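Student: So the sequence shown is numbered by the numbering used here: it starts at 3 and just counts up by one.
Ideal Cβ positions, reconstructed from N, Cα and C, are used throughout, including at glycine.
Note that the coordinates shown come from a computational prediction; the quantities given were computed from them, not determined experimentally.
I have a structure I would like to understand better, so I am pasting it below and will then ask my questions one at a time.
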Amino acid sequence: TDVLIDKETESLIICDRGNRRVVRWSRRSGTTRGEILIDNIQCYGVAMDNQRYLYVSLRENHEVRRYQIEADKNGTLVAGGNHEAADLNRLCYPTYIFVDQHQTVYVSEGWNHRVIKWSKGAKEGSVIAGLDGYGNALTQLNSPSGLFVDTLDTLYVAESGNYRVTRWPEGEKQGTVIVGGHGGGAKAHQLLYLDGLSFDRHGNLYVVDRGNHRVQRFSIE
């Protein structure tokens, strides 16, 4: 369901959800098999911080854990872990995650229809998008999935159920549609059930358009 590039080891770290594990595959030529980093885990999203700690969202456990690669099989709880609910100290089916340079963890919650931010060491999070819950208004989210936070702490989130990507400047209570928002469909300006998103160094936005079995690239102003 998710993948990241570990530049230091020139490898891919993959959430192999169907096999309940996180695996690493070298990008070097001649690689024929992967290496299991964490086994028997209900993973969904993966992220890595600037100290090379690995973060994994455990969807059915309603939590996010941090792991020291190759030295830690159990991980440390960094968000949620109190059973599913909408309280600020809980998560409900977390999916994709993002970690910034301060080790702040941003979590998309598919069932709470919100993005919540957990600062390092915090006992509860704060909602930064979707304060008004489920819906298609600009103060609401519908099944948020992939997310990205830039150096200005602006949040970009893929809304799978609203077929759009919205941008949320820090502190704003409503987002702005930057991609999609024209209903679900297969035209170039439409999306249909979104998963992950990412930016390249030129600022182009890439969106996994799952319902249309394609990846779309958009130039964002």
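Rank Gly-205, Asn-206, His-104 and Gly-213 by C-alpha distance to the C-alpha of Leu-196 and give the top, closest one.
Tutor: Closest option to Leu-196, Cα to Cα, is Gly-213.
Student: For Glu-111, count neighbouring C-beta atoms within 10 Å of its own C-beta (all shown protein chains included) and say buried if the count is 16 or more, exposed if not.
Tutor: Burial call: buried.
Student: Taking 8 Å as the threshold (beta carbon to beta carbon), is Ile-40 in contact with chain B?
Tutor: Among the protein chains of the structure shown there is no chain B, as only one such chain exists.
Student: Looking at the strands, I want to know which residues DSSP matches up with Asp-8.
Tutor: According to DSSP, which records beta bridges pairwise, Asp-8 is partnered with Ser-13.
Student: Verify whether the separation of the beta carbon atoms of Val-48 and Tyr-108 is less than 8 Å.
Tutor: Cβ distance not < 8 Å, so Val-48 and Tyr-108 don't count as in contact.
Student: CB-CB under 6 Å to Val-129, same chain, minus the five flanking residues each way: which ones, in chain order?
Tutor: Counting only Cβ-Cβ distances below 6 Å, and skipping sequence neighbours, we find Arg-116 and Ile-118.
Student: Should Asp-211 be labelled buried (16 or more other beta-carbon atoms within 10 Å of its own) or exposed?
Tutor: Its Cβ being crowded by 16 or more others within 10 Å, Asp-211 is buried.
Student: Per DSSP, which residues does Lys-119 bridge with? Please list them.
Tutor: The partner list for Lys-119 (beta bridge, DSSP) reads Tyr-108 and Ser-128.
Student: Identify every residue that forms a DSSP beta bridge with Gly-186.
Tutor: For Gly-186, which the question treats as bridged, DSSP gives the partners Leu-193.
Student: Rounded to the nearest angstrom, how far is the Cβ of Val-167 from that of Gly-182, given a contact under 8 Å?
Tutor: That belief holds up - the Cβ atoms of Val-167 and Gly-182 are roughly 6 Å apart, short of 8 Å.
Student: Among all the DSSP beta bridges, which residues are the ones paired with Tyr-208?
Tutor: Partner(s): Ser-200 and Arg-219.
Student: Distance check for Gly-173 and Leu-154, CA to CA, integer angstroms please.
Tutor: Going by the C-alpha atoms only, they are around 11 Å apart.
Student: If we call anything under 8 Å between Cβ atoms a contact, is Leu-149 one with Phe-100?
Tutor: Yes, they are a contact pair.
Student: Below 8 Å on the Cβ atoms is my guess for Trp-27 versus Ile-40; work out the distance and round it to an integer in Å.
Tutor: So it is not a contact: roughly 14 Å between Cβ atoms.
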